[in-house]
Each structure stands twice: as C-alpha cells, then as structure tokens.
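In full-length UniProt numbering, the protein residues as written are 1 to 669.
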C-alpha cells in the first residue's frame, strides 16, 4: 500500500512535465520547508538604481500618458516590477557612467533642491508605493568639497554637511524621507568620515537614516568593521557590488545585513533576464544577501552610450513615446509581488539537486512564498563577474510543508519560461493553483524557468495600451529655451557628458536672449570617471551623417573662454575624454578652430573670427559627406575642410573649459 501510495503521489505530481522526458528519467528530490526551528535572515527588498549616472535622463521628457505608464511598470504595487527600493545618485556635477547629474550645491554658497530629476523620480515612486525605501549615494562631488583636491575626505565635516543638506532638502522641499545613505560609490571609504556622518545625522534628528558601506567589495570594509567597534556601531549594512552571489567569512562574522547594493548591469534581453532570475535567488542562497539592487532602473539614455539597455526596461525615445517592458521586469515581479521588506527567509539550503535554486519567505503571519529558478549557465551570464560552469537538468522537486505551513492547502502559481531555442518566452503567467496533499506537493521543473508558489492572491500582470511605434530622433529639431517656469532644470533631450547645462534667465539681456541654456560648472568636480577637460552636452541621433547645426553662443569668460558646436560626435559617458567628431570652436581672443576631437588636439583649420566675450554670435556647422564648412553670424568663416572619421554621431554643444557660457536658438537638421 505504501508503495502504491508513493507511485500515486508521483503520478499526480503537479506541473507541465518537460517535453519528451519520461517520468523514469527525471531526477527527483525532496525539500522541507519548516519554520518550527526559527527563521533565517530578514528580507530587505529588491530595488533598482537611477543614476550612476544620468540613466533616467530621457524619461522625464516623455509625454503623458506614456511617462506614467513607464513609472507604473516600475513602481506600482502588483502591477509590474513593483520595486521595494529606489536608489538614486546624489548628483555631484561629474560624469558617472552615461552622463553627469547636477548637484544640489554647485557652489559652496548655493543650494537648489530642484536641480536634476531624481527628486521628481523619488516622488513619483512614493506616489505609487508609499512604502518604497529610498537610498542616496554619491558618485561625484562638486569641486568646493575637496578645496582643490580630487578627494572628498580631507574635510570630512564639509562632506558630511553636504550630504546631510541633500537629505534635509529632500524632506523640506519634497517631503521625502531618505531611508539609507551611502559613502562614495566604488571608491575608498574613510572611517573617520563615516563616524562623523553618523554623528551629524543624529545631530540633525536623522536617527532613522541608516548607513550603507562601502558600495564596493566585501573587503576591506568587513575586516575594518571587525577591528573597529565604533565603526561597527555606526554602519548598518555592508553593501557589495557584483558579488557573483558569494560573500566572504569576515562579512558573515560582522552579523550585519549583507546586500548586493549594485548588481545585474546586463543587456536586458532574455540572457539578462536569466542573469537577474539567478542572482535574485542565489545572492541569498549562496551569499546570505537580503537585498539585491539592479543597475539600472530604466534605460532612458542614448543607447550608444556605455552599457546601452543594461536596465530592467527600456524608455529611450521620448520624442516618439515608444518604450519596451523587457523580460527583467517580469522576472522581478516573481519576487517583489509576493514578498515585502520585513518578511523573513526560511532556513533552507536552497540548492536544487538538479541545479538551480529556491528561496522561501514568510511574513510570520502564515503566508508563504517560494521562488524557484532553473537558469542554465549560458542563458544566465551577467556582465560581471565571470560565471563558473555549472549544469542544470530537468527534475522533479517535492516540497514538504511543516511547522506553521502544515495547514496550507493550496498555493497560487506564477510561471515564466525563457525561450532561448524557440525564441518564444512565456513571462509571468498565472497557472492553476497547486493542491497541497498530506503536507506536500511535487513540481516538474524544466530548465530556464521561474516559478513562484504563494499563499498570496494579489499578484497581477498588468498591461497598459501598446505604446507608439519607435521613431528616430526628429531630423529637424529646434529649441529656443524660451520657458519661464521649466518643470526640470535641463532642456529636453540634451545629455550632459561633462559639465552641467541648465535653463537660465538672463536678467541683464533685455533683447532676444532672456531665456537661455547655460553651462554652470566652473571647476572640475571630484571625479568618479575620466571627465573631459571641456564641457559637452550631446543630442540627437547617433546615426546622423550629413547634418547642419546652428546655435547662438555667448562666451562669458574673458581672454581664454571659448565654446563649440559639433556634429558626428562619437562618444560619451565614461569614454568622453576620447570623443571624436567635427568641432567648431570660437574663442574670446577672436580666434576660431576646427578640430576632429573634443580635446582639441587634432586641428583641421584655424584662423581669426573677430568673436569676443560677452556678446552674442551665431555659429553654423555644415557637414556633408567628407566635407565641412562653418558660418559666423550667417557669413562663411571657413569651408572645404576634409573629414574622414567619424562617419556618424550626435550633435553637441560645449565649452573650452569649466566656465560659464550660454547657448540659445539651437537648431539641428
């Protein structure tokens, strides 16, 4: 009878069996889920990063209803990704991967809590999910923090004051409570500064703000925490980046919360979804990490910049309204829609016998969520670190529910299959509930699948109407910057790559140039990447070949000031220093240059222009095939300059150095 009963259980196993695999060939194993002996670590949530940098740049320019739809897919509970955490860059005016993000304090005596778009994004996230946790982390700092040095720790009181002002400004001007703050992204930490930051937070009544360190590797922060009891007291979370699902013994010995505070960073196709599915489980199973945060939230930057589309979804065409809800959104939903920060992991090994992993979480009130992934090696490689070989096979898993879960009778089932061979993926579909019989259920698992089994009935796969089809950037584009109360500090579609360009009201000009676009960073910031020595903001279509760029320019810096307009600009982001293109420069000393690079080393033509500082002039750059020409105030200044490379690229504006300069009536065709 016992034998018959066993066969009966197997025969009634639940789940779509792997195609062409006989039951006898299936690897079978049992797993026990029991809370009687206590629970595992507390779950802290799944999140994503906006910034590091300028990754949400184009999102703000979307028209409604598309912008709200994108935000719903990211933040709205039981809708799409339903994120628990939003981590944003504390802008520091420096290049932080795909652009610069403006600081709230460009200069020491200047505070403005409406610069940039992260304030807006945090408010939109909170509007959809009031419980979402907010994290701030700097990549770069304005120059005045270092008083001339490229280092933020020489004057730790100044740096602490700067960071605290951002947290206080978030509350005062936007009613945002920041939950966690970091130290300096992927750069050295300083124990004295961290202790001072905690002291300053407490002094300003910000005891609720927790400190994450050091947003780099597990070491040396873990060993330093073990050796320094005061530092151990003030650091709440050890945050590591791209840990490869592994932790280190010292990190465990600290008994601190362990997070993968930046991870993923992988192209958002099916392999990216496989990477994300694997690490969401295995960061806990292998590494005891209770939060995983994706870089980045939404690919809202020009795709040809570094790490194009390395985000949970894609929204890089505000001019058309087109966006794409990529597979990683629905992989995220498998965890986020059926758990909440404050739930606890069950104490289980979490490795499946046939390869893959599972985690189980409970709210302590009788609810249970199990997430299973069977990602194969070649279909789940993240961008970093290298992934050692492993194998995954079709298998049958039987789960026994014990302790407070012995009364569970049915579990809701959500399923995804990443279709690498067929090209047809099935993402986040609800299947028939599974019946729990005599305290157990069985599941046939194929490779490259994700299952969520849960007592919660709140999951939803929501769909907005299809967005408009993709369109290239308009081939004829104008901006006169004539806007009295702009919703954002930056003009649409301009993507700053060094320096910061902002709307400006030119009170001293009663004429046609009251409302202009101004470069405002006048000292090289404390950098994270290799910012250029010139400032530059790009715009348009990277595929553009033959173009005409016209712009009114105003040099503010006497003697050695200068500005440019450019076409066929071929680089940006962390590679901005090596940018090539066709650059038409005019200088305050009355000269001009045409160069083949941003650095100004490859001079194609030079001469006298008569341009002076503190006067408006109109520059025009025409590029046709292998020839370029330039006009000043509508009259030819130079022509027949032969060009070979680059063959295509963006349009751009910028300045010779970190200097004030203004631009108006931009037109590219």
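Note that CB positions come from ideal geometry on N, CA and C, so glycine has one too. Predicted, not measured: the structure shown is a model, and the values here were computed from it.
Spatial distance of residue i from residue j (CA atoms)
i	j	result
residue 59	residue 618	31 angstroms
residue 701	residue 620	An answer regarding residue 701 cannot be provided, because it is not within the stretch 1 to 669 covered by the chain.
residue 426	residue 460	15 angstroms
residue 390	residue 247	19 angstroms
residue 469	residue 441	45 angstroms
residue 402	residue 231	41 angstroms
residue 633	residue 308	38 angstroms
residue 49	residue 635	48 angstroms
residue 421	residue 56	33 angstroms
residue 576	residue 498	8 angstroms
residue 269	residue 158	43 angstroms
residue 84	residue 282	18 angstroms
residue 350	residue 525	46 angstroms
residue 196	residue 177	21 angstroms
residue 380	residue 626	44 angstroms
residue 419	residue 600	49 angstroms
residue 165	residue 520	20 angstroms
residue 477	residue 320	13 angstroms
residue 591	residue 97	34 angstroms
residue 597	residue 494	19 angstroms
residue 609	residue 637	7 angstroms
residue 438	residue 411	14 angstroms
residue 485	residue 511	19 angstroms
residue 387	residue 260	16 angstroms
residue 124	residue 74	10 angstroms
residue 448	residue 561	58 angstroms
residue 160	residue 144	13 angstroms
residue 304	residue 310	12 angstroms
residue 355	residue 235	36 angstroms
residue 535	residue 656	7 angstroms
residue 338	residue 649	45 angstroms
Proximity test, residue i beta-carbon vs the ligand ATP heavy atom, cut-off 7 angstroms
i	result
residue 558	The model depicted lacks the ligand ATP and carries no ligand whatsoever.
Supposed contact pair residue j and residue i - C-beta distance, whole angstroms, cut 8 angstroms
i	j	result
residue 168	residue 204	6 angstroms
residue 451	residue 413	7 angstroms
residue 676	residue 52	In this structure the chain extends from 1 to 669, so residue 676 is not present and cannot be described.
residue 666	residue 479	5 angstroms
residue 568	residue 483	Not confirmed; about 29 angstroms, so no contact.
residue 616	residue 463	Not a contact, Cβ separation roughly 50 angstroms.
residue 222	residue 250	4 angstroms
residue 114	residue 489	7 angstroms
residue 298	residue 70	7 angstroms
Bridge partners - residue i, DSSP secondary structure assignment
i	result
residue 690	Lying outside 1 to 669, the shown extent of the chain, residue 690 is not represented and no answer is given.
residue 119	Note: residue 119 sits in no beta bridge, so no partner.
residue 368	362
residue 535	655
residue 317	322
residue 87	49 and 135
residue 690	With the chain covering 1 to 669 only, the question about residue 690 has no answer from this structure.
residue 262	241
residue 173	DSSP lists no partner for residue 173.
residue 341	343
Residue i classed as buried or exposed, judged by whether at least 16 other C-beta atoms fall within 10 angstroms
i	result
residue 244	buried
residue 104	buried
residue 101	buried
residue 256	buried
residue 530	exposed
residue 364	exposed
residue 407	exposed
residue 82	buried
residue 640	exposed
residue 22	For residue 22, the predicted structure reports a pLDDT of 47, less than 50, and the residue's modelled location is therefore unreliable. A value from the coordinates is still provided. Answer is exposed; the Cβ neighbour count stays below 16.
residue 505	exposed
residue 272	buried
residue 29	exposed
residue 133	buried
residue 63	exposed
residue 432	exposed
residue 172	exposed
residue 664	buried
residue 45	buried
residue 146	buried
In the segment 181 to 244, which residue ranges form an unbroken beta strand (DSSP E) of at least 3 residues, counting only runs that do not cross its ends?
-> 210 to 216 and 237 to 241
Can you check the segment 592 to 667 for any beta strand (DSSP E) of at least 3 residues that lies completely inside it and give the ranges in chain order?
-> 603 to 608, 616 to 624, 627 to 632, 635 to 642 and 650 to 655
What are the uninterrupted segments assigned as beta strand (DSSP E) that are 3 or more residues long and contained completely in the segment 562 to 592, given in chain order?
-> 562 to 569 and 580 to 587
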